[in-house]
Amino acid sequence: MQVNKQGEERREQGKVWLVGAGPSDPGLMTVKGREVLAQAQVVVYDALVGVSILPMMPPDAEHVYVGKRSGSHAMAQEEINRLLLCRAQEGKRVVRLKGGDPFVFGRGGEELELLAQAGIPFEVVPGVTSAVSVPAYCGIPVTHRELTSSFHVITGHKKENEPLDLPFDELAGLHATLVFLMGGSALPDLMRGLLDAGMDPETPAAVLSCGTTGRQRRLIATVASLEQEAKRAGAATPAIIVVGHVAALGGRFGWFEKLPLFGKRYVTTRPAGRSSALASRLRQEGAEVIELPAIRVRPLAQNQALMEAVLKPDAYDCIVFTSPAGVDIFFDALREVGKDGRSLCGITLAVIGTGTGGALEKRGILADEMPAVYSGEALGALLGERLADQARVLIPRSDIGNPRLVEAMEETARAHGRSLRVTDLSVYETVYEKNELVDVAGMLRAGELDGVFFTSASTVRGFLAANPGVETPAVTALCIGEMTAQAAKETGMQVHISREATIESLVALAMEISRHGGAAG
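Under this note's numbering, the sequence shown has 191 at position 191, and the numbering climbs by one with no breaks.
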């Protein structure tokens, strides 16, 4: 609310963005689309928005599902139009999130009519249309200099119990690539219509199902045989139908299915902002990845002990970091009191592994100590052996930090006839996230999830808290470290452990399991 000069309350003007989410692969959603979505207060989304896109919605926004599938509509189009108008009139930032592009058979124009009439400001953020991107992922170029110089995008959707109203005579005579969207249920009518209009029965044709996802399938036949071949194969929806000589190129140019993790779908559980590197590497190898942070790191408020530590860091001989979050929170506090990395001169800095070491490097500092095995126990043993007698040690970390770090440090120091003065300082708490958008339990029951990546025991607990319906024996857990693996084993999950506590090692583990059908150790 705003208050005018007369002291009267005036509601702020809302705004609507029509955003194209692309075909499903989150890498194909535009940069502007992501930026706009991140600022949304209300997200109204469709059934064709990819499952990997859903977690990008701001968790504190209102999420309204209005998906339409053949014969089943969550909300009528007129109601969707009114919903957008009402939320904007409430002063909200509203994102209408659509699969593909909002203006390519997305009914975006209809949704703008009411907004324009009411004077509601709006923007359109184009998306990568499935009409081009799905064929591309299936190795089919919609144009080819030697085969066709044009392509035409046609809706294959028809109302129930009504014939298709398409100019088949014109389409059959175009000698171009025909791309039918939403045509899965109308496939028999489409092929029959083209044949009756005189199209050569041997013209190549393809059904492309679930494009750009781990369930992508490509079926190439001819106009005469496509219906029968699709029935035999049980082609899934959503599907795109491509008719034209370029369809035959899919067998030669198909590239997506050749990637080593094609057809695999995984969930990553690292905190938001920490999972992107792992997800990116998995996607590079062809996997479909759903980023579902299981935990969130929250700095402890009014942490007087931390402020005292950063005011006098030279009161310690060694500072131990066990996570990137601990690094970030400590250095942010250091900057808050007007200091930087120079105040740590002469202090031994230790990290638990390469991820934490990388966070320290971003602050312009290289770690002095890091164990060969990335675990709290190994780090404790290393420091207990190397630190001098009566060394003062600060460990800024989670409020539920692994106790074996301090225990191993003190045990090893005693074995060498020394003692250490350890300050185990809680600087952040771990909060479990919620998941109300992705049906993980349903995917596991349907056999549509190939694994879940865990990088700490808390991510295991957070994952189960966010997905209470999950049957743990159905979960293939890909874990970093023995502590994480032990937490997963205790729940009954099928556990695999990476050889090293690195992203590359986790990706290698996934590829090994994929090659050997789940036989990795």
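Where is the CB? At the ideal position from N, CA and C, for every residue including glycine.
Note that the structure is predicted; figures quoted are calculated from it, not measured.
### Message
Less than 8 Å between the C-beta atoms of GLY376 and ARG404, yes or no?
### Response
Taking 8 Å as the cut-off, the Cβ atoms of GLY376 and ARG404 count as close.
### Query
What does a CB cutoff of less than 6 Å around VAL534 pick up in its chain, not counting 5 residues either side in sequence?
Within the shown structure, residues of the chain are numbered from 1 to 521, placing residue 534 beyond reach of any answer.
### Query
Quick check: the region 439-456 against the region 332-348, are there 3 or more CB pairs under 8 Å?
no
### Query
For the 8 Å Cβ check, are there 3 or more pairs between the region 187-202 and the region 244-255?
no
### Task
Whole angstroms is fine: what's the gap from VAL3's alpha carbon to ALA40's?
Low confidence applies here, because VAL3 scores a pLDDT of 47, under 50, leaving its location unreliable; read the following figure in that light. Their Cα atoms are separated by approximately 24 Å.
#### Entry: The beta strand (DSSP E) enclosing ARG265, as first and last residue numbers
265-268 is the extent of the beta strand (DSSP E) around ARG265.
### Message
Assuming contact is defined by CB atoms lying nearer than 8 Å, are THR356 and SER398 in contact in what I supplied?
### Response
no
### Message
Closest to THR472 by C-alpha separation, out of GLU482, SER458, THR484 and ALA488, would be which residue?
### Response
ALA488
### Query
Can the beta-carbon of LEU190 be found closer than 8 Å to that of LEU164?
yes
#### Entry: Distance, GLU490 Cα to ALA47 Cα
Straight across, the Cα-Cα distance linking ALA47 with GLU490 is about 36 Å.
### Query
Between ALA277 and the rest of its own chain, which residues show a CB-CB distance below 8 Å, the 5 nearest in sequence each way excluded?
ILE503
### Query
Is the CB-CB distance between PHE105 and LEU115 below 8 Å?
no
### Message
Can you give me the C-alpha to C-alpha distance between MET1 and MET493, rounded to a whole angstrom?
### Response
Below a pLDDT of 50, predicted positions are generally treated as unreliable, and MET1, at 46, falls in that range; no measurement from the model is reported.
### Query
When the Cα atoms are used, what is the spatial distance from PRO371 to GLY380?
Taking the straight line from one Cα to the other gives about 9 Å.
### Query
When burial is assigned at 16 or more other CB atoms within 10 Å of the CB, is GLN77 buried or exposed?
exposed
#### Entry: Own chain, CB closer than 7 Å to LEU259, minus 5 neighbours either side, in chain order
GLU285 and GLY286
### Query
Per DSSP, ILE429 is paired with what?
For the sequence presented, residue 429 should be read as Glu rather than Ile. Answer is ARG298.
### Message
Just verifying my parser: in three-state terms, what is the DSSP assignment at CYS86?
### Response
helix
### Query
Thinking C-alpha only, which one of GLU369, ILE400 and PRO396 is nearest GLU385?
GLU369
### Message
What would DSSP say about GLN2, mapped onto helix, strand or coil?
### Response
For GLN2, the predicted model reports a pLDDT of 48, less than 50, meaning its position is unreliable; a value from the coordinates is still stated below. If DSSP states are grouped into helix, strand and coil, GLN2 belongs with the strands.
### Cβ neighbours of LEU219 in the same chain (closer than 7 Å, five flanking residues each side left out)
ALA206, VAL207, GLU229, ALA230, ALA233 and ALA235, listed in sequence order.
### Task
Take every Cβ of the region 56-66, pair it with every Cβ of the region 25-45, and state whether three or more of those distances are shorter than 8 Å.
With the rule of 3 Cβ pairs closer than 8 Å, the region 56-66 counts as touching the region 25-45.
### Message
What would DSSP say about HIS516, mapped onto helix, strand or coil?
### Response
helix
#### Entry: GLY447 versus ALA474, ILE395 and GLY108, residue with shortest Cα-Cα distance
ALA474
### Query
How should PRO167 be labelled, buried or exposed, when 16 other C-beta atoms within 10 angstroms of its C-beta is the threshold for buried?
exposed
### Query
If we ignore side chains and look at the alpha-carbon of each, how far apart do LEU306 and TYR428 end up?
10 Å
### Message
Please state whether the Cβ-Cβ distance between HIS152 and LEU174 is less than 8 Å.
### Response
yes
### Query
Whole-angstrom Cβ separation of PRO126 and GLY20, contact assumed at under 8 Å?
So it is a contact: roughly 5 Å between Cβ atoms.
### Task
Can you tell me which of the three DSSP states ALA221 falls into?
strand
#### Entry: Neighbourhood of TYR137 by C-beta, 7 Å cutoff - its chain only, sequence neighbours within 5 removed
So the list reads GLY211, THR212, GLN216 and PHE256, once near-sequence residues are dropped.
### Task
Quick one: measure Cβ to Cβ for LEU425 and PRO396, integer angstroms, because I've assumed they're closer than 8 Å.
Between PRO396 and LEU425 the Cβ distance is about 5 Å, and since that is below 8 Å, they are a contact.
### Message
Does the structure place the region 401-417 close enough to the region 26-38 that three or more beta carbon pairs sit under 8 Å?
### Response
no
### Query
For ASP332, is the classification buried or exposed, using 16 other Cβ atoms within 10 angstroms of its Cβ as the cut-off for buried?
ASP332 comes out exposed.
### Task
Can you give me the start and stop residues for the alpha helix (DSSP H) that ARG34 sits inside?
31-38
### Query
With 16 as the cutoff for other CB atoms within 10 Å, does GLY417 come out buried or exposed?
exposed
#### Entry: Sub-8 Å separation of VAL95 and LEU37 beta-carbons
yes
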